[in-house]
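Following: one structure in structure tokens, then a few remarks.
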Amino acid sequence: MSNKLEIGTQEDGEDCDYVVCIRATSPLAFPDNLVSTCSKCGCTIQYRPHAPKTPAKMCVECAIPEMRESFDENNLQVMITPKTVAEVAAYLHKKREN
Ligand SMILES: [Zn+2]
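Everything in the sequence shown is counted per the numbering used here, starting at 4 for the first residue and increasing by one.
Structure below.
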């Protein structure tokens, strides 16, 4: 096992242990974001409508200690989907124009 970041398909995402979500903001980071609660601390989180449905959703604050533990075990696997990459790129592009 080794730490890695990979781009996976939407189906791959369903096999992940958990989905890292940011805390809900007002307004939401994307207008069509969905709102849920963190499976660990119960805070309100937001996520993209196409986020994998199977894994537990967790806020960033709860996910970081988990990720650090996996990283120390050399077993951190982070996956993002091409759709997320495209959206983040578009978001950053738009931000730079402002
Ligand atoms: Zn949390």
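The beta-carbon is built from N, C-alpha and C at its ideal position, and this holds for glycine as well.
For residue i, collect the residues of the same chain with a Cβ closer than 7 Å to its Cβ; drop the 5 residues on either side in sequence, then sort them by chain order.
| i | result |
| --- | --- |
| residue 85 | 10 |
| residue 83 | 10 |
Can you list, in chain order, the residues of its chain whose CB lies under 6 Å from that of residue i, leaving out five sequence neighbours each side?
| i | result |
| --- | --- |
| residue 45 | none |
So, at 8 Å on beta carbons, what are the nonlocal neighbours of residue i in its own chain, with the 5 sequence-adjacent residues on each side left out?
| i | result |
| --- | --- |
| residue 56 | 17 |
Rounded C-beta distance between residue i and residue j? I'm assuming under 8 Å.
| i | j | result |
| --- | --- | --- |
| residue 27 | residue 38 | 5 Å |
| residue 42 | residue 59 | 4 Å |
For ligand 1, residues whose Cβ lies under 6 Å from any non-hydrogen atom: 41, 43, 44, 46, 61, 62, 64, 65
As an exercise, report each continuous alpha helix (DSSP H) stretch of at least 4 residues that is fully enclosed by the stretch 8-90, in chain order. The alpha helix (DSSP H) runs lying completely inside the stretch 8-90 and spanning 4 residues or more are 13-16, 63-75, given in chain order.
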